[in-house]
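**Q**
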Amino acid sequence: MTDQTTQPDNPAKPDYKTTLNLPKTSFPMKANLAQAEPATLARWQAQGMYQQIAAARADAPKFVFHDGPPYANGSIHVGHLLNKVLKDLVVRTALMEGRACHYVPGWDCHGLPIEHRVMTGLVESGKAAKLETLSDEHRRMAIRRECAAYATKFIKTQAEQMKRLLTLADYDHPYFTMQAEYESGTLEVFACLLEKGYVFRQLKPVHWSIANRTALAEAELEYEDRVDPSVYVDFEAADAAKVAIAFDFECECTPCFMIWTTTPWTLPANLAIAVHPRQKYALVEMDGSLTIVAAEMLEKLALVVGATTVVKKAEADGSALVGLEYRHPFCDRTSRIVAAEYVTMEDGTGLVHTAPGHGDDDYRTGLREGLPIYCPVRDDGTFDETVPAWLQGKIVWDANTLVVDHLRTSGHLVHALQFTHSYPHDWRSRTPVIFRATEQWFIGVDKPSTKSSAGAASSLRAMALDAVNNTIKFVPEWGRNRLRGMVENRPDWCISRQRSWGLPIPALRQADGTVFMTPASVRAVAVCVAAKGSDAWFTLSPAELLAAYDAATDADAPKSLDIASLTKMHDIFDVWFEAGSSWNSVLRQRNLGFPSALYLEGSDQHRGWFQLSLLPALGVTGKPPFDALVTHGFLVDKDGRKMSKSLGNALEVETLLKDYGAEVARWWVSGVAYDGDIRIDLDYFKVAGESYRKVRNTLRFLLSNLFDAPAWTESEATALALASPSQSLCGWLMGELATLETEVRAGYAAYDFRRAHLAIFDFCNETLSAVFCAAAKDRLYCDAADSPRRRATQATMRVAMEVLCRLLAPILPHTAEEAWKALRGEGAPLLFTQSHVGLVVGRDAGWVEVMSACASVKKALEVAKELGIDNALDAAVEIPDPHGTLAAFLPELADICGVSRVTLGGKASTVTVTDLRAQPKCDRSWRRDATVRQRADGGMLSDRDALAVGV
RNA sequence: GCGCCAGUAGCUCAGCUGGCUAGAGCACGCCCCUGAUAAGGGCGAGGUCGAAGGUUCGAGUCCUUUCUGGCGCACCA
Numbered sequence: 000m001t002d003q004t005t006q007p008d009n010p011a012k013p014d015y016k017t018t019l020n021l022p023k024t025s026f027p028m029k030a031n032l033a034q035a036e037p038a039t040l041a042r043w044q045a046q047g048m049y050q051q052i053a054a055a056r057a058d059a060p061k062f063v064f065h066d067g068p069p070y071a072n073g074s075i076h077v078g079h080l081l082n083k084v085l086k087d088l089v090v091r092t093a094l095m096e097g098r099a100c101h102y103v104p105g106w107d108c109h110g111l112p113i114e115h116r117v118m119t120g121l122v123e124s125g126k127a128a129k130l131e132t133l134s135d136e137h138r139r140m141a142i143r144r145e146c147a148a149y150a151t152k153f154i155k156t157q158a159e160q161m162k163r164l165l166t167l168a169d170y171d172h173p174y175f176t177m178q179a180e181y182e183s184g185t186l187e188v189f190a191c192l193l194e195k196g197y198v199f200r201q202l203k204p205v206h207w208s209i210a211n212r213t214a215l216a217e218a219e220l221e222y223e224d225r226v227d228p229s230v231y232v233d234f235e236a237a238d239a240a241k242v243a244i245a246f247d248f249e250c251e252c253t254p255c256f257m258i259w260t261t262t263p264w265t266l267p268a269n270l271a272i273a274v275h276p277r278q279k280y281a282l283v284e285m286d287g288s289l290t291i292v293a294a295e296m297l298e299k300l301a302l303v304v305g306a307t308t309v310v311k312k313a314e315a316d317g318s319a320l321v322g323l324e325y326r327h328p329f330c331d332r333t334s335r336i337v338a339a340e341y342v343t344m345e346d347g348t349g350l351v352h353t354a355p356g357h358g359d360d361d362y363r364t365g366l367r368e369g370l371p372i373y374c375p376v377r378d379d380g381t382f383d384e385t386v387p388a389w390l391q392g393k394i395v396w397d398a399n400t401l402v403v404d405h406l407r408t409s410g411h412l413v414h415a416l417q418f419t420h421s422y423p424h425d426w427r428s429r430t431p432v433i434f435r436a437t438e439q440w441f442i443g444v445d446k447p448s449t450k451s452s453a454g455a456a457s458s459l460r461a462m463a464l465d466a467v468n469n470t471i472k473f474v475p476e477w478g479r480n481r482l483r484g485m486v487e488n489r490p491d492w493c494i495s496r497q498r499s500w501g502l503p504i505p506a507l508r509q510a511d512g513t514v515f516m517t518p519a520s521v522r523a524v525a526v527c528v529a530a531k532g533s534d535a536w537f538t539l540s541p542a543e544l545l546a547a548y549d550a551a552t553d554a555d556a557p558k559s560l561d562i563a564s565l566t567k568m569h570d571i572f573d574v575w576f577e578a579g580s581s582w583n584s585v586l587r588q589r590n591l592g593f594p595s596a597l598y599l600e601g602s603d604q605h606r607g608w609f610q611l612s613l614l615p616a617l618g619v620t621g622k623p624p625f626d627a628l629v630t631h632g633f634l635v636d637k638d639g640r641k642m643s644k645s646l647g648n649a650l651e652v653e654t655l656l657k658d659y660g661a662e663v664a665r666w667w668v669s670g671v672a673y674d675g676d677i678r679i680d681l682d683y684f685k686v687a688g689e690s691y692r693k694v695r696n697t698l699r700f701l702l703s704n705l706f707d708a709p710a711w712t713e714s715e716a717t718a719l720a721l722a723s724p725s726q727s728l729c730g731w732l733m734g735e736l737a738t739l740e741t742e743v744r745a746g747y748a749a750y751d752f753r754r755a756h757l758a759i760f761d762f763c764n765e766t767l768s769a770v771f772c773a774a775a776k777d778r779l780y781c782d783a784a785d786s787p788r789r790r791a792t793q794a795t796m797r798v799a800m801e802v803l804c805r806l807l808a809p810i811l812p813h814t815a816e817e818a819w820k821a822l823r824g825e826g827a828p829l830l831f832t833q834s835h836v837g838l839v840v841g842r843d844a845g846w847v848e849v850m851s852a853c854a855s856v857k858k859a860l861e862v863a864k865e866l867g868i869d870n871a872l873d874a875a876v877e878i879p880d881p882h883g884t885l886a887a888f889l890p891e892l893a894d895i896c897g898v899s900r901v902t903l904g905g906k907a908s909t910v911t912v913t914d915l916r917a918q919p920k921c922d923r924s925w926r927r928d929a930t931v932r933q934r935a936d937g938g939m940l941s942d943r944d945a946l947a948v949g950v
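Okay, so the first sequence: first residue is 0 according to numbering that gives the first Met the number 0, each after it adds one.
1. Could you name the residues of the same chain whose beta carbon sits closer than 7 angstroms to that of Q918, not counting the 5 residues immediately before and after it, in chain order?
2. Just to confirm the assignment: which complete alpha helix (DSSP H) runs, minimum length 4, are found wholly within the region 766 to 809?
3. Can you tell me where the beta strand (DSSP E) holding M285 begins and where it ends?
4. Just how far apart, CA to CA, sit L416 and V386?
5. Between which residues of its own chain and K450 is the CB-CB distance below 6 angstroms, once the five residues before and five after are set aside?
6. Cα separation between A319 and Y598?
7. Taking all protein chains shown into account, decide if Y222 is buried (16 or more other Cβ within 10 angstroms of its Cβ) or exposed.
8. For my contact list, L215 and V432 are in at a C-beta cut-off of 8 angstroms; report their separation, rounded to the angstrom.
9. Does the Cβ-Cβ distance between N269 and H352 come in under 9 angstroms?
10. Tell me where the alpha helix (DSSP H) around Q201 begins and ends.
11. Can you look up F329 in the DSSP assignment and give me helix, strand or coil?
12. If we ignore side chains and look at the alpha-carbon of each, how far apart do P228 and N211 end up?
13. Which of the three DSSP states, helix, strand or coil, is assigned to V668?
14. Does the Cβ of W846 lie closer than 8 angstroms to at least one heavy atom of the ligand FAD?
15. Is G349 near A293, with beta carbons less than 9 angstroms apart?
16. Put L634 into one of helix, strand or coil per three-state DSSP.
17. Can you tell me whether P263 is helix, strand or coil according to DSSP?
18. For R308, count neighbouring C-beta atoms within 10 Å of its own C-beta (all shown protein chains included) and say buried if the count is 16 or more, exposed if not.
19. For the region 591 to 633, which segments carrying the alpha helix (DSSP H) assignment without a break, of at least 4 residues, lie completely within its bounds, in sequence order?
20. Per DSSP, which residues does C493 bridge with? Please list them.
21. Taking 6 angstroms as the limit between beta carbons, can you name the residues of its chain near D346, skipping five residues before and five after?
22. When you compare each of K16, T17 and E36 to L811 by their alpha carbons, which one comes out closest?
23. Do the region 763 to 778 and the region 887 to 898 make contact, defined as three or more Cβ pairs closer than 8 angstroms?
24. Do you know offhand how far G322's Cα is from E251's?
25. Among residues of its own chain, excluding the 5 on either side of K820, which ones have a beta-carbon nearer than 7 angstroms to its beta-carbon?
26. Tell me which same chain residues have a C-beta within less than 6 angstroms of the C-beta of L767, skipping the five on either side of it?
27. Given a threshold of 16 other Cβ atoms within 10 Å of its Cβ, counted over all protein chains shown, does T17 qualify as buried or as exposed?
28. Can you check which of these residues, A301, L282, R326 and R778, is closest to A315 by C-alpha distance?
29. What residues are listed by DSSP as bridge partners for K472?
30. Please state whether DSSP places K450 in a helix, a strand or coil.
31. In the structure shown, what three-state DSSP assignment does W43 receive?
32. Using a Cβ-Cβ cutoff of less than 7 angstroms, which residues in the same chain neighbour A455 once the five nearest sequence positions on both sides are dropped?
33. Any chance the region 164 to 183 sits against the region 81 to 94, with 3 or more Cβ pairs inside 8 angstroms?
34. Please name the residue, chosen from G730, V117, I75 and P624, that lies closest to A844 on a Cα-to-Cα basis.
35. What did DSSP end up calling I394 once you bin it into helix, strand or coil?
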């Protein structure tokens, strides 16, 4: 086509474009988030955004929300991004509902991962050797100083990274578990639990380094191959008759239970033999002796021990053996057979030597069966006086040979061989470690409180189960089962660790070796720690630590307490006990309110923070520290595999922020189904970026058509918008807007951010962009600027902006604020001091039919393209109206369908399209309505356009 | 090994207490617009509902088994 054909005969034809009310705005199409967000952040910080909001909400009803502390180690990863953004959605939705939300970010600082990293650093830099020359306490203090510096460094790093996610929190007053006030708050919780009788001290097996005479954590072990004796040993049954009954077989001689072990030195501590209750066990005659082994293991076993004649005599279930007794081969006692699910049929005999003082499983079995946690090995690795004389004082490694020789001599040894296996070693001394029961501090979950009138139901487990079953809300609901299962099965909580980097358990030893620690003494130490931090435990004397303690007023004080002769003990708290006390150290101590409306963490925290906050809070206050638990799943890659550095599929937060910006990430988070696994991939951010742009452009369209709107107050605009009849385009939008607001707020309230996200997106994409904006363009551009219809449309759009800015604010704080300022001007009040509009608008039921008629028109127009009617404005349509519903909407139908003319009724049952290309076209509005004719200025105009132009 | 959760179009997800030809958005294809323009609009194609059994007149939806993946727990005496 050339100019001649499009601009034919009339050179004087007016250029109507300049007479249109075309949109104008300074709100840019391109968000440029990577650059704009840091600037916004700096402005927020400079103007004290958090404080301003807090001040504005000072008298508002509180929404108590408590942050679970991430570990102060390394940079944040995408898991933190997910968690922190979800939490920020909670904070900001609460604010937009008009609540006050004092949200304090926190960090977990103590614990082995940091101590381990620091120690590794010290070894590498050669400083570790120097530490060895220091006294115990000086060495501990030196390590603690390094650890504190390390944690502080990463708190700073992470805080900046979290702020960059546009999260709103009291970053000026965060909590750290290593703060003095926090530590003293933790000790208060402990004192209270102690007071109520939940705390006790008991033996428990731990990895023990003989060389360093210390307990070691899993991370301090390295595994190396080691050769040990592997022995098969016969334990004689104590009562052959009972065995005979179990197998329903008459025994001619005393049968034996055959066990296998690679640690013969633990045999002196044998107190039970475990069998699997649902496995078959065989009574066999093996080379002349009567032996009991697992039926499944028989063949393999005969080969290993080199038995020549093997005859199976009878079989019985493991459960039938439970309760039978046997005689220890060299200690003077009888023990019994017990059941254990962990017994496998992979190695050994299917009968497991059980020494509760020397193995974790054995320990648990021992506790369950009420066996003593017997550990005859002293901290130097030698046997004490409770073992047979030939073993006393011998070191365990030598005992291996002694025991094997003794068993061979006494005839209990069935077979012995050398066995190479992977065995834990102390990473520092590189010597093999042993499993040895030591005294540890516990919080008993089944002990009833000694200070409660509730009686037997007051054990922590009973209270926790009651809370899980009856009072706590779970989102998603399956969290309830999960937490219930964990609470039902958990053992007593071992809260002591033998490390340097942590909060000391303030126990002291008296001269006679007994332990001194009472609720009052703990509280006295807490006073000291509040002032000086937990370092005080390492630098001050017992007398100084107990300055606030008065034995005279402490009913629990030992009779002849001599403070001067006390020595400090050096266990520290399990870090989970500290984190699990945050409801006290933060919420209660800072008067933020208790309990929290919710805790929001990854699903792994059912085991961790959720449960370990619940137990202390129940013990101390009788109430859970949270009303609801909201859980999110873990991030996995696009193929559903978990993220890890080694797989190379981990996404860097930094990359995301640089390429997409925090708001696209937030938009993505808000749209994710966070129960269950969450797939994450750069491609998804691309998608999120596109839909963010769609929302942004829709806002931009609304804003750009408000450029010449009168300076209405919000209520003036709302009143004007609500004045539109419900059958008008504006009336329709107001109804949709009210529905949207309700839907989004309901989604937010249920922590179903996805529901809110989708509702907002659909509204922008469909309701506004595809329907309303498309239909309203004609009246916005072509109606006289101040015509009532155009002004009503602008008022409606203004209200839509008011509503959308508020609804979007929690997800897109930066963009919502940017739009808000474009709408209200730079002098606008802070968006986060506003609350939702709360529209109530009825909807006309006829709209459903209108929209479906409109869809039919669209389809008919597609068909009409074959006739050459490419542009909908070249068409008139006749729409059937069998129920007469559409008549009321007739004035709006042409705009909504995007055609030039609409008529209703007719005989056809489907939409009829008429070609209008032969009809005159308005030079200004491009419509071919019936009123178009030549006007005084020479242009072809419709009546409406002629009026608007004034010709 | 045990417990919990998930598995529906290429992607992200809806599908309530079982019931009309299984839906939406994005991506894709074709087309329109050029007065939201590094924008906007329309139409369309696309699914053995992880697999196998079973209950039922009827199952994506209930039961059993199984596979894959995630989280947690336990285990290597």
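C-beta: ideal position from N, C-alpha, C; glycine also. Since this is a predicted model, take the numbers as computed values, not measurements.
**A** Straight from the coordinates:
1. Residue numbering aside, residue 918 sits at position 919 when the first sequence is read from its first letter. Its chain contains R927 as the residues whose beta carbon lies nearer than 7 angstroms to that of Q918, once the 5 sequence neighbours on both sides are disregarded; these appear in chain order.
2. 773 to 781 and 787 to 807
3. Residue 285 sits at position 286 when you count from the first residue of the first sequence. Unbroken beta strand (DSSP E) run through M285: K279 to M285.
4. The sequence position of residue 416 within the first sequence is 417, counting from 1. The sequence position of residue 386 within the first sequence is 387, counting from 1. Those two C-alpha atoms are separated by around 25 angstroms.
5. The residue labelled residue 450 in the question sits at position 451 within the first sequence. Here the set comprises K195.
6. Position 320 of the first sequence, counted from the first residue, corresponds to residue 319. Position 599 of the first sequence, counted from the first residue, corresponds to residue 598. When rounded, the distance between both Cα atoms is 47 angstroms.
7. Walking along the first sequence from the start, residue 222 turns up at place 223. Under this definition Y222 is an exposed residue.
8. The residue labelled residue 215 in the question sits at position 216 within the first sequence. The residue labelled residue 432 in the question sits at position 433 within the first sequence. 6 angstroms between Cβ atoms; contact.
9. Here residue 269 refers to the residue found at position 270 when the first sequence is read from its first residue. Here residue 352 refers to the residue found at position 353 when the first sequence is read from its first residue. Here N269 is near H352, since their CB atoms are less than 9 angstroms apart.
10. For this step, residue 201 is matched to residue 202 along the first sequence. In this chain, Q201 is not harboured by any alpha helix (DSSP H); it is covered by the beta strand (DSSP E) spanning V198 to S208.
11. In the first sequence, the residue the question calls residue 329 occupies position 330. F329: coil per DSSP, three-state reduction.
12. Within the first sequence, residue 228 is the residue found at index 229, counting from 1. Within the first sequence, residue 211 is the residue found at index 212, counting from 1. When rounded, the distance between both Cα atoms is 25 angstroms.
13. If you number the first sequence from 1, residue 668 lands on position 669. Reduced to three states, the DSSP call for V668 is helix.
14. This structure lacks the ligand FAD; in fact it carries no ligand of any kind.
15. For the purposes of this step, residue 349 is taken as the residue at position 350 of the first sequence. For the purposes of this step, residue 293 is taken as the residue at position 294 of the first sequence. Going by C-beta atoms, G349 is nearer than 9 angstroms to A293.
16. Here the question's residue 634 lines up with position 635 in the first sequence. The DSSP-derived three-state label of L634 is strand.
17. Your numbering for residue 263 matches position 264 in the first sequence. Three-state DSSP puts P263 in a helix.
18. On the first sequence, position 309 is the one that residue 308 refers to. According to the sequence provided, residue 308 is Thr. The question's Arg does not apply to it. T308 should be labelled exposed.
19. 608 to 620
20. Within the first sequence, residue 493 is the residue found at index 494, counting from 1. Paired residue(s): F441.
21. Counting from one through the first sequence, the residue named residue 346 turns up at place 347. Leaving aside the five residues that flank D346 on each side, none in its chain has a CB nearer than 6 angstroms to its CB.
22. Here residue 811 is taken as the residue at index 812 of the first sequence, counted from 1. Among K16, T17 and E36, the Cα nearest to that of L811 belongs to E36.
23. Three or more Cβ pairs closer than 8 angstroms define a contact, and the region 763 to 778 meets that threshold against the region 887 to 898.
24. Residue numbering aside, residue 322 sits at position 323 when the first sequence is read from its first letter. Residue numbering aside, residue 251 sits at position 252 when the first sequence is read from its first letter. Straight-line Cα distance between these residues: approximately 21 angstroms.
25. If you number the first sequence from 1, residue 820 lands on position 821. Cβ neighbours of K820 within its own chain (closer than 7 angstroms, five residues either side excluded): A827.
26. The residue you call residue 767 lines up with position 768 of the first sequence. Counting only Cβ-Cβ distances below 6 angstroms, and skipping sequence neighbours, we find T697.
27. By one-based count along the first sequence, residue 17 stands at place 18. Exposed is the call here.
28. In the first sequence, counting from the first residue as 1, residue 315 sits at position 316. Closest option to A315, Cα to Cα, is L282.
29. Position 473 of the first sequence, counted from the start, is the residue given in the question as residue 472. Answer is A627.
30. In the first sequence, the residue the question calls residue 450 occupies position 451. Per DSSP, reduced to three states, the secondary structure at K450 is coil, with no helix or strand assignment.
31. Looking up residue 43 in the first sequence gives position 44. Reduced to three states, the DSSP call for W43 is helix.
32. On the first sequence, position 456 is the one that residue 455 refers to. Bear in mind that the predicted position of A455 carries a pLDDT of just 47, short of 50, making it unreliable; the figure below should be weighed with that in mind. These residues qualify, in order along the chain: P447.
33. yes
34. In the first sequence, residue 844 corresponds to position 845, counting from 1. The residue with the shortest Cα to Cα distance from A844 is G730.
35. To locate residue 394, count along the first sequence from 1; it is residue 395. Note: I394 maps to strand in three-state DSSP.
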